[in-house]
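Notes to accompany the following structure.
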Amino acid sequence: KQIPSSDSINTTCPYCGVGCGIEVKVDAKAQKLADIKVKVLGDKTHPANFGKLCVKGSAAGETLSFDGRMLAPQFKGKTVSWSSALNTVAEKFTQVIAEHGPDAVAFYVSGQFLTEDYYVANKLMKGFIGSANIDTNSRLCMASAVVGYKRAFGVDAVPCSYEDLELADLVVIVGSNTAWAHPIIYQRIAAAKKQRPSMKIVVVDPRQTATCDIADLHLAIAPGSDANLFNGLLASLGQNEALDEAFINNHTEGFKEAFSHAQILQGDIHRVAKECGLEVTQLQTFYRWVREHQKMVTLYSQGVNQSSSGVDKSNAIINVHLATGRIGQVGMGPFSITGQPNAMGGREVGGLANQLAAHMDFSNSEDIHRVARFWKAANMAQSNGLKAVDMFNAVATGKIKAIWIMNTNPVVSMPNANFVRQALQRCEMVVVSDCMQHTDTTEVADVLLPALTWGEIDGTVTNSERTISRQRAFMAGPENARADWWMLCEVAKRMGFVDAFDYQNVAQIFREHAALSGYQNNGTRDFDISGLARLSDEQYQQLTPMQWPVNVENPLGTKRLFSDGKFFTPSGKARCIAITPQAPRYKTDAQFPFVLNTGRYRDQWHSMTRTGKTAKLMAHRDEMQVEIHPHDAAEKGVVDGQLLCLQGKTGDYRLIARAQVSAKQRRGELFVPMHWNRQFASAGNVDALIPAVVDGLSGQPEFKHAVVNVQPF
Ligand code: SF4
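The sequence shown finishes on residue 715 if you use the UniProt record's numbering, and the numbering steps up by one all the way, no holes.
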């Protein structure tokens, strides 16, 4: 815990999946750690942002105070020593496993973990405890995109780079308010369009968001009708002889079935217009632009993923790219963008319950043996664990008796959030490691472990375009706070797994992670960073951003995947998937006549434990509001600013919030931000209104489509 010796440190932003580089200027003349002053600037050398930062990133330096931090380990509300707290956790986990088996314990982790923390957590649970009950809040964010990629390409691989968005002639943004949720990506697209006005931008979103400011065409589709739209596009491309027959024949399989399905179901443009709630002319324009612009990127995010049929929606998008050969080339590709800063790193280490490390898979027994051999695993898990919603259901039924929640706040962010609170209150032991003392989740913990946070932690993250960057510490944390990987290793050693968790630093963990990616990988696995497996500690410190794969063939990284038309399926061909569009699980009715959509505000992040600290960020929107169409407001006798009460299918829970009357909403649809919770003197938490309905393939919840009633309060 030293005052940094350098006065300028390159790191990455703690917030979204764009993964911008930040240059932190530290006033190293300070005599005391508490006196250190930092200035946050965009890193001009980082390939994600080239020096730019959005308002959240540029205010990150204002969030560094220790106000509200967790300052000591605690057990049942009393401060205890680290050694006592770690012993308590290790003993309880050991006892539960001995009495009930390894599936009676679980870890719930976070897309804000650094890759090294993620790696150690995954290794402990899957290789040594012997269960795959480790899942992550990334399940709520991009699990459907993962399964969509795996179905199409055989692996979970994002084909594109950010620069493809600038080099495309047509950018189709689906289910993403990029301007607010990924501002630097939005700024890059906007700048490219300004420079090249012929570039077309289509926004597909039920709401008229800030992203529509640069759109040539806004398709305000009926919620959940994305697959209808893209099935219709595929059929239309076929009808207009605009398919790439050579690519289809040489590089895909399943096309005939996928196409005839689309043709039968959505081959009539009038029918598609009706299903999507659009004008036929709007569809004709969109479909024509796709035919006219070969360089097309489809950028998609939570509006696609957070759905009970999110996987099918992503495959409907990918089908179009495969059928027209728009993949692996400059300015082309299906590009899912992640919400959190290290959701991608979590995917790489296997941090989801249905993954193995280094993009290996439980469905392949040789993968299980390979990972077990590499880890010298004492007790290797043999099959998928419980995904987030099922995991908390298992806590509620008592099947899971001890859970360790790291770096995340599920009592706010899970669907049916109050059920999750009650489940945790009944659990035999809830361990929470967090940097903040008071969150909705720390309230229900038996053991609290104080964690270091951004600015204090050291490791790597991977952003949405596969760029691995170093996140570096530039200040010391509270005296008693510790890195997550350290806590995990200390518990592992106390559970008897001494050798496998005897890491001295994060560089050692990273080298092992990189080595595993290349272990017995003869080009059969996409995730390969074996080129980084021999970095010295010093080289790791100096590591500059690199896009994986980084290996013998690509020592400096890789901009685009699948440029050679080869995929990681058994046949080497990409799979087109026949898609039958599914409506959202719940329909509106007389009792619940409104669709409730949730999402982000521009200046807040998740449950606001960091962004809520700055007046500048709170000034944008200082409370949650219910966006409602003027006609709906008039029918309800509601005026702007009036308090509303929302109730849905999650029992008696009622959410009270102020109306924001806005013609940018479709009629019959409401929008409420996801950030507010009990810690912010709010009347409630919108996720308590979201039923725990999930996509059957990915387990991702349907946060974009609940049904509710709304009344003046
Ligand atoms: Fe941070 Fe995302 Fe803003 Fe970049 S775009 S500065 S990563 S919040």
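Ideal Cβ placement from N, Cα and C applies to all residues, glycine included.
Mind checking residue i: buried by the 16 CB within 10 Å criterion, or exposed?
i           : result
Arg-328     : buried
Asp-642     : exposed
Thr-613     : buried
Phe-594     : buried
Leu-55      : buried
Val-20      : buried
Phe-68      : exposed
Ser-471     : buried
Pro-199     : exposed
Thr-14      : buried
Ala-636     : exposed
Lys-3       : Unreliable positioning characterises Lys-3 in this predicted model, as indicated by a pLDDT of 43, which lies under 50. The coordinate reading is nonetheless provided below. Exposed, because fewer than 16 other Cβ atoms sit within 10 Å of the Cβ of Lys-3.
Asp-369     : buried
Arg-290     : exposed
Pro-572     : exposed
Gly-653     : exposed
Asp-9       : exposed
Arg-577     : buried
Gly-701     : buried
Ser-133     : buried
Glu-671     : buried
Ser-85      : exposed
Glu-259     : exposed
residue 721 : There is simply no residue 721 to check, as the chain begins at 3 and stops at 715 in what is shown.
Ala-592     : exposed
Ala-318     : buried
Val-688     : buried
Ser-163     : buried
Lys-80      : exposed
What does DSSP give as the partner residues of residue i in its beta bridges?
i       : result
Tyr-220 : Looking at the sequence itself, residue 220 is His, so the reference to Tyr does not match. Looking at the DSSP assignment, His-220 forms a beta bridge with Val-205.
Ala-661 : Val-628
Glu-255 : Arg-577
Met-431 : Ala-404
Met-298 : Leu-172
Ser-10  : Lys-27
Cys-647 : Ile-658 and Gln-713
Pro-336 : Thr-300
Asp-69  : Beta-bridge pairing links Asp-69 to no other residue.
Thr-600 : Val-674
Gln-696 : The sequence shown places Val at residue 696, not Gln. BP columns for Val-696 point to Pro-703.
Ala-708 : Leu-598
Val-42  : Val-26
Under the assumption that residue i contacts residue j (Cβ atoms under 8 Å), give the Cβ distance between them as a whole number of angstroms.
i           : j       : result
Ile-216     : Lys-202 : About 10 Å separates the two Cβ atoms, so there is no contact after all.
His-263     : Ala-502 : 48 Å between Cβ atoms; not a contact.
Tyr-120     : Gly-333 : With a Cβ gap of about 32 Å, Tyr-120 and Gly-333 do not count as contacting.
Asp-528     : His-361 : 6 Å
Gly-113     : Ala-345 : 4 Å
Ala-447     : Arg-428 : Actually they do not touch by this definition, with Cβ atoms about 13 Å apart.
Asp-207     : Gly-305 : 6 Å
His-515     : Thr-117 : 7 Å
Ser-309     : Pro-586 : 7 Å
Lys-58      : Tyr-110 : Wrong, their Cβ atoms sit about 25 Å apart, outside the cutoff.
residue 780 : Arg-293 : Beyond the ends of the chain as shown, which are 3 and 715, falls residue 780; an answer cannot be given.
Phe-660     : Gln-627 : Note that residue 660 is Arg in the sequence shown here, rather than Phe. Yes, they are in contact, since the Cβ atoms of Arg-660 and Gln-627 sit about 5 Å apart, within 8 Å.
Gly-63      : Val-91  : Contact flag wrong, Cβ pair sits at about 34 Å.
Indicate, with yes or no, if ligand 3 has a heavy atom lying under 6 Å from the CB of residue i.
i       : result
His-361 : In the structure shown, ligand 3 is absent; the only ligands present are ligand 1.
Does any CB atom of chain C fall closer than 7 Å to the CB of residue i?
i       : result
His-323 : Here there is only one protein chain, and chain C is not present.
Meets three-Cβ-pair contact criterion under 8 Å: the region 161 to 171 and the region 407 to 422
The region 161 to 171 vs the region 407 to 422: no contact.
Using 8 Å as the threshold, is the region 268 to 276 in touch with the region 134 to 153, meaning 3 or more CB pairs across them?
Fewer than three pairs of CB atoms, one per stretch, sit closer than 8 Å, so the region 268 to 276 makes no contact with the region 134 to 153.
If we count Cβ pairs, one from each stretch, closer than 8 Å, do we get three or more for the region 674 to 688 versus the region 546 to 565?
As far as the Cβ criterion goes, the region 674 to 688 does not touch the region 546 to 565, which means the pair count is below three.
Quiz: which residues have CB nearer than 5 Å to ligand 1 non-hydrogen atoms:
Residues flagged by the Cβ proximity filter: Cys-15, Tyr-17, Cys-18, Val-20, Cys-22, Leu-55, Cys-56, Lys-58, Gly-59, Pro-185 and Ile-186.
The region 65 to 81 contacting the region 461 to 475, beta-carbon criterion three pairs below 8 Å:
No, the region 65 to 81 does not touch the region 461 to 475.
Pairing CB atoms from the region 485 to 497 with CB atoms from the region 120 to 129, are three or more of them under 8 Å?
Counting Cβ pairs under 8 Å, three or more are found: they touch.
Across the region 643 to 657 and the region 401 to 408, are there enough close Cβ pairs to call them in contact, namely three or more that are closer than 8 Å?
With contact defined as three or more Cβ pairs closer than 8 Å, the region 643 to 657 and the region 401 to 408 are not in contact.
Below 8 Å, how does it come out for the region 219 to 230 and the region 276 to 284: are there three or more Cβ pairs, yes or no?
Yes, the region 219 to 230 is in contact with the region 276 to 284.
Between the region 663 to 677 and the region 602 to 616, are three or more C-beta pairs nearer than 8 Å?
Here the region 663 to 677 makes contact with the region 602 to 616; the two share three or more CB pairs at distances below 8 Å.
Would the region 91 to 108 count as touching the region 455 to 470 if we require 3 or more Cβ pairs under 8 Å?
Between the region 91 to 108 and the region 455 to 470 there are fewer than three inter-stretch CB-CB distances shorter than 8 Å, so the stretches are not counted as touching.
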